[in-house]
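Enquirer:
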Amino acid sequence: MKTAIITGASKGIGRALAQYYADHGWNLTINGGHDKAALRSTTEELTRITNVESVFGDISLEATSTQLVDQTLRRYGQIDLLINNAGISHIGLLSDMTAEDWHQIMQTNLDSVFFTSRAVIPHMVHRHQGKILNISSVWGEVGASCEAAYSASKGAINALTKALAKELAPSRISVNAISFGIIDTNMNRCFSTEEREALAMEVPFGRFATPEEAAAFCYQITESPDYLTGQVIRFDGGWI
Numbered sequence: 066m067k068t069a070i071i072t073g074a075s076k077g078i079g080r081a082l083a084q085y086y087a088d089h090g091w092n093l094t095i096n097g098g099h100d101k102a103a104l105r106s107t108t109e110e111l112t113r114i115t116n117v118e119s120v121f122g123d124i125s126l127e128a129t130s131t132q133l134v135d136q137t138l139r140r141y142g143q144i145d146l147l148i149n150n151a152g153i154s155h156i157g158l159l160s161d162m163t164a165e166d167w168h169q170i171m172q173t174n175l176d177s178v179f180f181t182s183r184a185v186i187p188h189m190v191h192r193h194q195g196k197i198l199n200i201s202s203v204w205g206e207v208g209a210s211c212e213a214a215y216s217a218s219k220g221a222i223n224a225l226t227k228a229l230a231k232e233l234a235p236s237r238i239s240v241n242a243i244s245f246g247i248i249d250t251n252m253n254r255c256f257s258t259e260e261r262e263a264l265a266m267e268v269p270f271g272r273f274a275t276p277e278e279a280a281a282f283c284y285q286i287t288e289s290p291d292y293l294t295g296q297v298i299r300f301d302g303g304w305i
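In this text, residue positions in the sequence shown follow the numbering used here: the first is 66, and each later residue adds one.
#1: Out of D135, H188, D301, N149, point me to the one whose CA is closest to A83's CA.
#2: Starting from the Cα of H89, find the closest Cα among Y215, E288, A228, T294 and give me that residue.
#3: Within the same chain, show all residues whose beta-carbon is closer than 8 Å to that of V268, passing over the 5 residues directly before and after it, in chain order.
#4: Thinking C-alpha only, which one of L93, T129, I114 is nearest F121?
#5: Give the C-beta separation of A151 and T72 to the nearest angstrom, bearing in mind that I take them to be a contact with Cβ-Cβ under 8 Å.
#6: Determine the burial state of V134: buried for a count of at least 16 other Cβ atoms within 10 Å of its Cβ, exposed for fewer.
#7: Any contact of the stretch 191-202 with the stretch 218-232, i.e. 3+ C-beta pairs under 8 Å?
#8: Mapping the DSSP letters down to three states, classify R140 as helix, strand or coil.
#9: Taking Cβ positions, are I197 and S182 nearer each other than 7 Å?
#10: In this structure, how does DSSP classify G79 when only helix, strand and coil are distinguished?
#11: Where does S160 fall in DSSP's three states?
#12: Excluding five sequence neighbours on each side, which residues of the same chain lie with their C-beta closer than 6 Å to the C-beta of G295?
#13: Checking 7 Å against the spacing of the C-beta atoms, do I114 and A87 come in under that value?
#14: In this structure, does DSSP put V117 in helix, strand or coil?
#15: Quick one, which of T275, A242, M252, A274 has its alpha-carbon nearest E212's?
#16: Give a yes or no on whether the C-beta atoms belonging to I124 and N92 are separated by under 7 Å.
#17: Expressed to the nearest angstrom, what Euclidean distance is found between the alpha-carbon atoms of D145 and R80?
#18: Verify whether the separation of the beta carbon atoms of I170 and A224 is less than 7 Å.
#19: Over the uninterrupted alpha helix (DSSP H) stretch that includes N223, give me the two end residues.
#20: Quick check on DSSP: helix, strand or coil for T250?
#21: Per DSSP, S239 is paired with what?
#22: Taking just the CA atoms, how far does H99 sit from T131?
#23: Mark S160 as exposed unless 16 or more other C-beta atoms lie within 10 angstroms of its C-beta, in which case mark it buried.
#24: Suppose contacts are defined by Cβ-Cβ distances below 7 Å. Is I70 in contact with T112 by that definition?
#25: Quick check: the Cα distance between A184 and F273, rounded to an integer number of angstroms?
#26: Between which two residues does the beta strand (DSSP E) harbouring L93 extend?
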């Protein structure tokens with residue numbers, strides 16, 4: 066059985082990813098850092114399907130990433146896939162952001178990718194195989210008004226993906242990112258019904274994507290040949 070680590074797996078896209086990989090017979094280690102009850106619930110539900118380890122903790126901290134990788138290796142002996150999904154958003158004018166707000170976005174969205182990737186790379190290099198998939202956003206490609214910090218963090222993830230792919234290709238490790246459009250998760254439920262309808266009308270497909278569709282697409286990418294690497298692949302219903 067293959068083994069995947071998925072961060073931010075308590076809710077939304079992360080939970081859908083965990084469900085999809087569990088349904089396809091993967092061993093899992095999942096992480097959440099904000100809602101212990103949600104992580105416990107997800108773990109208990111998925112344990113009925115497959116082998117599941119869970120690590121509750123702030124993934125922007127080095128210690129959490131180290132624990133995530135070490136616990137996975139102790140349980141399963143190998144790591145085939147790392148999905149860096151954990152992320153938060155911030156809506157508001159950049160001039161109104163505090164330094165604390167800015168650093169929280171960067172630490173959760175970007176530092177976490179650095180720490181988890183750095184922790185898992187030696188194992189993957191030793192095995193001469195493995196995949197890293199970073200969950201990004203179209204705002205990392207084109208930017209969004211009133212989401213400057215979020216856009217910056219995702220743009221950095223896209224650049225990191227391309228650079229790390231070149232660095233790890235000689236070890237046969239592929240690194241890609243998915244640039245998502247609007248996915249119907251709690252992150253987007255801060256909008257009013259009218260705002261959600263207006264957003265949906267901007268998408269040529271006429272609706273938000275579901276977390277299940279997002280998970281299915283990620284699975285297709287990670288099941289692709291290793292030669293697919295260094296790509297930021299857009300999944301947005303034709304929006305951008």
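All C-beta atoms, glycine included, are put in the ideal place defined by N, C-alpha and C.
All of these numbers come straight from a predicted model, not from anything done at the bench.
Expert: Looking at the coordinates:
#1: N149
#2: E288
#3: G246, I247, D301, G302, G303, W304
#4: T129
#5: By a beta-carbon distance limit of 8 Å, A151 contacts T72. Their separation comes to about 4 Å.
#6: buried
#7: yes
#8: DSSP, reduced to helix, strand and coil, places R140 within a helical segment of the structure shown.
#9: yes
#10: helix
#11: helix
#12: K227, A230
#13: yes
#14: strand
#15: M252
#16: no
#17: 19 Å
#18: For I170 and A224, no; Cβs fall outside 7 Å.
#19: 213-233
#20: coil
#21: K196
#22: 18 Å
#23: exposed
#24: no
#25: 34 Å
#26: Here the beta strand (DSSP E) through L93 covers 92-97.
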